[in-house]
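Q:
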Amino acid sequence: MKGNGIRKFEKAMNETLTTIHQRRSVRKFKQVPPNKDIIEDLLNAGRSAPSAINKQPWRFYVITNTALITSMAKEIEAVAEGQFQLSHGVHLSRTEDAVFHGAPVVVFISAPKDNEWAELDVGMCAQNMMLAAKSLGLDSCPVGFGRFVEKTKCYSLLNVPASERIVVSLVFGYGDEQPKEHPRRRDNVVYVL
Ligand SMILES: Cc1cc2nc3c(=O)[nH]c(=O)nc-3n(C[C@H](O)[C@H](O)[C@H](O)COP(=O)(O)O)c2cc1C
0 MKGNGIRKFE KAMNETLTTI HQRRSVRKFK QVPPNKDIIE DLLNAGRSAP SAINKQPWRF
60 YVITNTALIT SMAKEIEAVA EGQFQLSHGV HLSRTEDAVF HGAPVVVFIS APKDNEWAEL
120 DVGMCAQNMM LAAKSLGLDS CPVGFGRFVE KTKCYSLLNV PASERIVVSL VFGYGDEQPK
180 EHPRRRDNVV YVL
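Under numbering that gives the first Met the number 0, the first residue of the sequence shown carries the number 0, and numbering increases by one thereafter.
And the structure:
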């Protein structure tokens with residue numbers, strides 16, 4: 000058994016744990032587009048996620064065109080009405096784009112409608128991508144409201160097959176804020192035996 004001191008030191012030096020604990024949902028970005036290699040690194044991290052019976056059900060739709068991101072955000076805002084303000088406390092007055100938070104990269108992830116495990120698979124894939132982003136000096140935010148894209152006119156631009164649905168969207172970029180961690184609940188463990 001290692002002494003407490005050594006174990007604390009090892010934990011502090013562990014890059015994976017550090018990345019996990021430092022990731023935050025960021026909602027303000029510098030207008031510096033990440034290059035294509037970085038976007039590929041994020042996609043590869045997503046592709047490395049586990050998936051039920053190795054179906055790898057995800058499909059990625061990457062948007063880096065700022066004008067398109069802005070117009071998608073406006074359309075989503077219109078179809079989602081006031082709902083998202085309530086859900087994550089972002090006020091429309093604070094940012095022009097309360098959906099994608101002005102991020103330079105938006106990734107929608109779709110999966111087949113008939114795969115009952117796909118949401119879980121995509122969740123793991125998304126977390127891999129967000130942790131990869133953090134480890135490469137970028138920030139991210141999962142945007143569940145991106146799902147509303149299905150109800151917008153822009154949706155046809157994505158060419159999502161009719162057999163698939165959008166599970167989530169993620170935004171990436173170089174963060175321009177450092178949010179504090181929300182306190183984590185600790186009353187949610189049962190040590191059985
Ligand atoms: C499935 C899911 C959907 C989310 N949707 C949104 C969203 O639409 N907009 C947003 O700004 N944040 C969204 N978030 C981010 C959460 O608000 C955030 O993860 C939570 O407040 C904890 O903060 P942290 O990510 O910094 O730890 C979403 C998170 C998850 C997991």
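All C-beta atoms in this analysis are idealised placements derived from N, C-alpha and C, irrespective of residue type, glycine included. The model shown is predicted, which means the values in this text are computed figures rather than measured ones.
1. Does DSSP put A66 in a helix, a strand or coil?
2. Give the straight-line distance between the Cα atoms of R185 and N43, rounded to the nearest whole angstrom.
3. Threshold first: 4 residues or longer. Then list the alpha helix (DSSP H) segments lying entirely within the stretch 90–177, N to C.
4. Please work out which residues of its chain come closer than 8 Å, Cβ to Cβ, to D40, disregarding the five sequence neighbours upstream and downstream, and give them in chain order.
5. Is the beta carbon of G145 within less than 8 Å of some heavy atom of ligand 1?
6. Compute every distance between the C-beta of C140 and the non-hydrogen atoms of ligand 1, then say whether any falls below 8 Å.
7. Consider the C-beta atom of S24 and the heavy atoms of ligand 1; say whether any pair is separated by less than 8 Å.
8. At a cut-off of 8 Å, is V98 close to ligand 1 when judged by its beta-carbon and the heavy atoms of the ligand?
9. Taking just the CA atoms, how far does G2 sit from S200?
10. Within this structure, are the beta carbons of K54 and D120 separated by less than 9 Å?
11. Evaluate K35 with the Cβ neighbour count: other Cβ atoms within 10 Å of its Cβ, from every protein chain shown; 16 or more gives buried, anything less gives exposed.
12. I'd like to check one pair, W57 with A117: are the Cβ atoms closer than 9 Å?
13. Take K7 and list the residues in its own chain whose beta-carbon comes closer than 7 Å to its own, dropping the five residues that flank it on each side.
A: Quick answer:
1. Helix.
2. 33 Å
3. 117–134 and 154–157
4. A131 and L135
5. yes
6. yes
7. yes
8. yes
9. Lying before the first or after the last residue shown, residue 200 is absent from the chain, which here runs from 0 to 192.
10. Their beta carbons are under 9 Å apart, which means K54 touches D120 by this criterion.
11. Classification of K35: exposed, given that the 10 Å Cβ count is below 16.
12. yes
13. Scanning its chain for C-beta atoms nearer than 7 Å, with the 5 sequence neighbours on each side dropped, one finds no residue around K7.
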